[in-house]
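K.L.:
Okay, handing you the structure first.
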Amino acid sequence: MHRNFKQVSRVVFGHGCFDQLDDILKEKRINSKKMVFLVDHVFKGSELEKKVPLHKNDELIFVDVTYEPKTSYVDKIRDDIKNSSDLLPDGIIGIGGGSTMDMAKAVSLMLTNEGQSHEYQGWDLIKKPGVYKVGIPTLSGTGAEVSRTCVLTGPVRKLGLNSDYTVFDQMVLDPELIKNAPRDQWFYTGMDCFIHNIEALEGTYINEFARAYGEKSQALCEQVFLEDHPDSDDKLMMASYFGGMSIAYSQVGACHALSYGLAFVLGVKHGIGNCLAFNQLEDFYPQGVEKFKKMMDKHKIELPVKITKDLSQQQFEKMADICLGLDPLWENALGKNWKNIMTKDKVLKLYEKI
Ligand code: NAD
Ligand code: ZN
């Protein structure tokens, strides 16, 4: 069956467009007239915090993204919001990187779907629309602003709430918000996009929909990370958007599979985990890895080395099992016959090198 793909219905793009947020929200203040802004904690006390268009009943909650989002954290914020008022807010606005945007999506959904968020980790388990939600990236690369998932770590698994209801209603893409991100974080999150494109374009699931978006996103990534352009923030923002659209209609591959294993056992974050894995994947994606190394050199990025050296055999095995459990990613990377090609032994050898 072909995917009937739900998209974000409204998008505003351009320098300073964050200032239009108050206007955008005005017509959505219908019932409780209350908006809840979930803002990445890094912006506490910043100019951006002062620009959040707070009205009398609105609430601003700083989201602690020291760790990637957990289901328990989503449920706690949902409970706090519900306890603060009898009426649901008219909107949830997520301002931050992929972690904060995913928190905003999840909180919006859990305000209207009963129970605990870990019960909805999976595909199409969410049955009711959440409250109106807006995504405003302050880092670009994950594609979380366009995707139909919000990735959460629950008591037993790291898995998103994947559903059509998960998609934002509005995106605000203001390149001013990403321009001051620390260079290493900017690079790691940007590489998530570069790697999405390589994995989609070189995967067996590729089709013209995914290729059209993926090729443009890739060209933009190369301009951003291998050349020098005054408008590189604009380019990276659009690369992330298009990269997200590309994988929405294809799939990621070997690098993301390895990165999920690192995240589960070592808590390695998505962007840097992808870089660590991709750095070892020249046999899979030779041209992509060559470009990636050039990008690291140009931006003087030094990855941590041998992060798996102190792991026990049991932890290595767990990592390999998580990694090999991601069938669609491997099928996309290597074809239907992937189990004969990607043995556990090969996965363990790759992990030893990371
Ligand atoms: P992030 O949101 O985890 O943030 C990384 C760090 O950068 C944090 O310390 C944050 O405080 C800081 N930060 C954010 N914006 C900043 C800015 N402008 N200036 C200074 N510091 C800033 O990073 P990310 O790479 O954007 O997101 C990774 C998360 O996204 C993971 O949780 C991953 O699971 C998720 N993800 C989701 C999707 C999806 O489709 N929903 C796809 C890929 C990844
Ligand atoms: Zn990714």
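According to the working numbering, the sequence shown is numbered sequentially starting from 228. Glycine included, each C-beta is placed from N, C-alpha and C at the ideal position.
By Cβ distance, which residues of its chain are closer than 7 Å to Asp391, with the 5 residues on each side in sequence left out?
P.N.:
Within the sequence shown, the letter at position 164 stands for residue 391. Contacts found: Lys233 and Arg375.
K.L.:
Return the chain-ordered list of same chain residues with a C-beta closer than 8 Å to the C-beta of Pro280, the five sequence neighbours on each side being excluded.
P.N.:
Reading the sequence shown from its first residue, position 53 is the one you call residue 280. Cβ neighbours of Pro280 beyond the five flanking positions: Leu248, Asp249 and Leu252.
K.L.:
Using the Cα positions of Tyr359 and Asp329, report the straight-line distance between them to the nearest angstrom.
P.N.:
Position 132 of the sequence shown, counted from the first residue, corresponds to residue 359. Position 102 of the sequence shown, counted from the first residue, corresponds to residue 329. Distance between the alpha carbons of Tyr359 and Asp329: 14 Å.
K.L.:
For Leu338, does the three-state DSSP call read helix, strand or coil?
P.N.:
Taking the sequence shown and counting its residues from 1, the one referred to as residue 338 is at position 111. Note: Leu338 maps to coil in three-state DSSP.
K.L.:
Under 8 Å, do Gly323 and Val378 count as touching if we go by C-beta distance?
P.N.:
Counted from its first residue, the sequence shown places residue 323 at position 96. Counted from its first residue, the sequence shown places residue 378 at position 151. No. Outside cutoff.
K.L.:
Report back the beta-carbon spacing between Ile433 and Ala439 to the nearest angstrom; my notes put them in contact at under 8 Å.
P.N.:
Position 206 of the sequence shown, counting from 1, holds the residue named residue 433. Position 212 of the sequence shown, counting from 1, holds the residue named residue 439. Between Ala439 and Ile433 the Cβ distance is about 11 Å, and since that is not below 8 Å, they are no contact.
K.L.:
Report yes if the C-beta of Leu265 is less than 7 Å from at least one heavy atom of the ligand NAD; otherwise report no.
P.N.:
Here residue 265 refers to the residue found at position 38 when the sequence shown is read from its first residue. No.
K.L.:
Please classify Asn559: is it buried, with 16 or more other beta-carbons within 10 angstroms of its beta-carbon, or exposed?
P.N.:
Walking along the sequence shown from the start, residue 559 turns up at place 332. Asn559 is buried by the Cβ-count criterion.
K.L.:
Below 7 Å, is the gap between the Cβ of Glu274 and the nearest heavy atom of the ligand NAD?
P.N.:
Counting from 1 along the sequence shown, the entry for residue 274 is found at position 47. No, the Cβ of Glu274 stays beyond 7 Å of every heavy atom of the ligand NAD.
K.L.:
Just verifying my parser: in three-state terms, what is the DSSP assignment at Leu314?
P.N.:
Residue mapping note: residue 314 aligns to position 87 of the sequence shown, counting from 1. Of the three classes helix, strand and coil, the one that applies to Leu314 here is coil, per DSSP.
K.L.:
Taking the continuous alpha helix (DSSP H) assigned at Asn567, which residues delimit it?
P.N.:
By one-based count along the sequence shown, residue 567 stands at place 340. From DSSP, the alpha helix (DSSP H) with Asn567 extends over Trp565 to Ile568.
K.L.:
Using only the alpha-carbon positions, how far apart do Phe289 and Pro296 sit?
P.N.:
Start at 1 with the first residue of the sequence shown, and residue 289 comes out as number 62. Start at 1 with the first residue of the sequence shown, and residue 296 comes out as number 69. Cα to Cα, the separation comes out at about 13 Å.
K.L.:
Under 8 Å: do the stretch 523-538 and the stretch 461-469 share three or more Cβ pairs, one atom per stretch?
P.N.:
Touching, no, given that fewer than three Cβ pairs across the two stretches are closer than 8 Å.
K.L.:
Is any heavy atom in the ligand ZN found nearer than 7 Å to the beta carbon of His268?
P.N.:
On the sequence shown, position 41 is the one that residue 268 refers to. No, the ligand ZN has no heavy atom inside 7 Å of this Cβ.
K.L.:
Give a single yes or no on whether Asn501 has its beta carbon closer than 7 Å to a heavy atom of the ligand ZN.
P.N.:
By 1-based counting over the sequence shown, the position of residue 501 is 274. Flag set: Cβ of Asn501 near the ligand ZN.
K.L.:
Judging by CA-CA distance, which residue of Ile422, Asp460 and Lys571 is the nearest neighbour of Gly500?
P.N.:
In the sequence shown, residue 500 corresponds to position 273, counting from 1. Looking at the Cα atoms, Ile422 is the closest of the given residues.
K.L.:
Would you mind reading off the limits of the alpha helix (DSSP H) that contains Arg438?
P.N.:
The residue labelled residue 438 in the question sits at position 211 within the sequence shown. Glu435 to Leu453 is the span of the alpha helix (DSSP H), which, as asked, contains Arg438.
K.L.:
Going by C-alpha distance, which of Met569, Cys244, Met522 and Lys496 is nearest Thr369?
P.N.:
Mapped onto the sequence shown, residue 369 falls at position 142. Comparing Cα-Cα distances from Thr369 to each of Met569, Cys244, Met522 and Lys496, the minimum goes to Lys496.
K.L.:
Hey, how far is the Cα of Ser312 from the Cα of Val269?
P.N.:
Locating residue 312 in the sequence shown gives position 85, where the first residue counts as 1. Locating residue 269 in the sequence shown gives position 42, where the first residue counts as 1. Cα to Cα, the separation comes out at about 27 Å.
K.L.:
Could you name the residues of the same chain whose beta carbon sits closer than 7 Å to that of Ser326, not counting the 5 residues immediately before and after it, in chain order?
P.N.:
Numbered from 1 along the sequence shown, position 99 holds the residue referred to as residue 326. So the list reads Val292, Glu295 and Pro296, once near-sequence residues are dropped.
K.L.:
May I ask you to verify whether the stretch 340-356 touches the stretch 443-463, counting CB pairs closer than 8 Å and requiring at least 3?
P.N.:
At 8 Å Cβ cutoff, the stretches do not touch.
K.L.:
Which residue's Cα is closest to the Cα of Val361: Lys255, Lys580, Leu551 and Gly562?
P.N.:
As a working note, residue 361 is residue 134 in the sequence shown. Measuring from the Cα of Val361, the nearest candidate turns out to be Lys255.
K.L.:
What residues in its chain sit with their C-beta under 8 Å from that of Pro316, if we drop five residues either side in the sequence?
P.N.:
As a first step, residue 316 is located in the sequence shown; it is residue number 89 there, counting from the start. Hits under 8 Å: Ser259, Lys261, Met262, Val263, Glu286, Ile308, Leu338 and Val358.
K.L.:
Determine the closest residue to Leu275 out of Pro402, Lys527 and Tyr347, with distance taken between C-alpha atoms.
P.N.:
Counted from its first residue, the sequence shown places residue 275 at position 48. Cα-wise, what sits closest to Leu275 is Pro402.
K.L.:
Does any heavy atom of the ligand ZN sit closer than 7 Å to the C-beta of Asp419?
P.N.:
Along the sequence shown, read from residue 1 onward, the residue named residue 419 stands at position 192. Under cutoff, so the answer is yes.
K.L.:
Which term fits Trp350, buried or exposed, when burial requires 16 or more other beta carbons within 10 angstroms of its beta carbon?
P.N.:
Against the sequence shown, residue 350 aligns to sequence position 123. That one is exposed.
K.L.:
Based on the DSSP secondary-structure assignment, which residues constitute the bridge partners of Pro364?
P.N.:
For the purposes of this step, residue 364 is taken as the residue at position 137 of the sequence shown. DSSP, once it has assigned bridges, lists Gly323 as partnering Pro364.
K.L.:
Count the other CB atoms, across all protein chains shown, that sit within 10 Å of the CB of Ile568; report buried if there are 16 or more and exposed otherwise.
P.N.:
As a first step, residue 568 is located in the sequence shown; it is residue number 341 there, counting from the start. When all chains shown are included, Ile568 counts as exposed.
K.L.:
Please work out which residues of its chain come closer than 7 Å, Cβ to Cβ, to Pro555, disregarding the five sequence neighbours upstream and downstream, and give them in chain order.
P.N.:
As a position in the sequence shown, residue 555 is number 328, starting the count at 1. These residues qualify, in order along the chain: Gln478.
K.L.:
Which value, in whole angstroms, describes the spacing of the CA atoms of Trp413 and Arg230?
P.N.:
Mapped onto the sequence shown, residue 413 falls at position 186. Mapped onto the sequence shown, residue 230 falls at position 3. Roughly 32 Å between the two C-alpha positions.
K.L.:
On the CB-based measure, 16 or more other CB atoms within 10 Å of its CB, does Asp306 come out buried or exposed?
P.N.:
As a working mapping, residue 306 is identified with position 79 in the sequence shown. With fewer than 16 other Cβ atoms within 10 Å, it is exposed.
K.L.:
Within its chain, find whatever has a CB closer than 8 Å to the CB of Gln348; leave out the 5 residues flanking it on each side and keep chain order.
P.N.:
Here residue 348 refers to the residue found at position 121 when the sequence shown is read from its first residue. If we look at Gln348 and ignore the five residues flanking it on each side, its Cβ neighbours are Thr298, Leu379, Gly381, Arg384, Leu386, Gly387 and Leu388.
K.L.:
Since Ala504 and Leu489 should fall inside the 8 Å C-beta cutoff, what is the C-beta to C-beta distance between them, to a whole number of angstroms?
P.N.:
Position 277 of the sequence shown, counted from the start, is the residue given in the question as residue 504. Position 262 of the sequence shown, counted from the start, is the residue given in the question as residue 489. Rounded, the Cβ-Cβ distance is 7 Å, consistent with contact.
K.L.:
For His282, count the other beta carbons within 10 Å of its own beta carbon; 16 or more makes it buried, fewer makes it exposed. Which is it?
P.N.:
Taking the first residue of the sequence shown as 1, we reach residue 282 at position 55. So His282 ends up on the exposed side.
K.L.:
What does the alpha-carbon distance come out to for the pair Phe491 and Gln542?
P.N.:
Walking along the sequence shown from the start, residue 491 turns up at place 264. Walking along the sequence shown from the start, residue 542 turns up at place 315. Using only the alpha carbons, I get a separation of about 10 Å.
K.L.:
Could you pull out every residue in the same chain whose Cβ sits closer than 8 Å to the Cβ of Lys278, ignoring the five residues on either side in sequence?
P.N.:
The residue given as residue 278 occupies position 51 in the sequence shown. For Lys278, where only same-chain residues beyond five positions count, the Cβ hits under 8 Å are Phe245 and Asp246.
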